[in-house]
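Student: Pasting in a structure now, in structure tokens, and then I'll have a few things to ask.
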């Protein structure tokens, strides 16, 4: 696969794409196992934790990762098939507001992510070089299929870091995890 060029995606995606330092397919495959394993280390009782009043819970962040992957994979499918119709954007806060992710367990979200990613990997691995280079419009932004794969991987990296740093790196969380491990 040819290296990703900056003209293949809008600048808004750059922070996600820049987190993918290896082959994007290898990163996506690695995340298939590592993200559920990471989620499995989070105590279930922390799933509804918010680090600030106006922030999402851990479960909602994980649900957002799942929602985003579904949407980006759908875009990749449409663009890879040379569908030139512009696709609408989406409001992540609206989707979370009506998601009911907080009613679920972290374990169920972890399993859902794993199944979704495995199914998406079948799709992603089916793309040939020409399909990966195809472009489409979504949210009024021109993007290649290949760039969408980087966005999917990088978006997960971004939110995993946020979960680690903002949700799990406080003293009360460390004390809870320590108490549960003993």
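Numbering (the UniProt record's numbering), first residue to last: 1 to 182. Where is the CB? At the ideal position from N, CA and C, for every residue including glycine.
Measuring CB to CB, does residue 48 end up less than 8 Å from residue 57?
Tutor: The residue labelled residue 48 in the question sits at position 48 within the chain shown. The residue labelled residue 57 in the question sits at position 57 within the chain shown. The answer is yes: Cβ separation under 8 Å.
Student: Thinking C-beta only, is residue 35 closer than 8 Å to residue 66?
Tutor: Residue 66 sits at position 66 when you count from the first residue of the chain shown. Residue 35 sits at position 35 when you count from the first residue of the chain shown. No.
Student: Measure the alpha-carbon distance for residue 59 versus residue 151 and round it to whole angstroms.
Tutor: In the chain shown, residue 59 corresponds to position 59, counting from 1. In the chain shown, residue 151 corresponds to position 151, counting from 1. Cα to Cα, residue 59 sits roughly 21 Å from residue 151.
Student: Let me know if residue 90 comes out buried or exposed under the rule of 16 or more other beta-carbons within 10 Å of its beta-carbon.
Tutor: On the chain shown, residue 90 is found 90 positions in, with the first residue counted as 1. Exposed, by the Cβ-count rule.
Student: Taking 8 Å as the cut-off, decide whether the C-beta atoms of residue 110 and residue 40 are in contact.
Tutor: Numbered from its first residue, the chain shown carries residue 110 at position 110. Numbered from its first residue, the chain shown carries residue 40 at position 40. Yes; because the gap between Cβ atoms is below 8 Å, this pair is in contact.
Student: Starting from the Cα of residue 143, find the closest Cα among 2, 118, 7 and 1 and give me that residue.
Tutor: Walking along the chain shown from the start, residue 143 turns up at place 143. Ranking the options by Cα distance to residue 143, first place goes to 7.
Student: How far does the beta strand (DSSP E) with residue 87 in it extend, from its first residue to its last?
Tutor: Here residue 87 refers to the residue found at position 87 when the chain shown is read from its first residue. Neither: residue 87 is in no beta strand (DSSP E) and is coded neither H nor E.
Student: Judging by CA-CA distance, which residue of 169, 1, 145 and 162 is the nearest neighbour of residue 74?
Tutor: Taking the chain shown and counting its residues from 1, one reaches residue 74 at position 74. Minimum Cα distance to residue 74 is reached at 145.
Student: Among the candidates 119, 141, 166 and 104, whose CA atom is the shortest distance from the CA of residue 11?
Tutor: Residue mapping note: residue 11 aligns to position 11 of the chain shown, counting from 1. The residue with the shortest Cα to Cα distance from residue 11 is 141.
Student: Does the Cβ-Cβ distance between residue 124 and residue 33 come in under 8 Å?
Tutor: Residue mapping note: residue 124 aligns to position 124 of the chain shown, counting from 1. Residue mapping note: residue 33 aligns to position 33 of the chain shown, counting from 1. Cβ atoms of residue 124 and residue 33: not closer than 8 Å.
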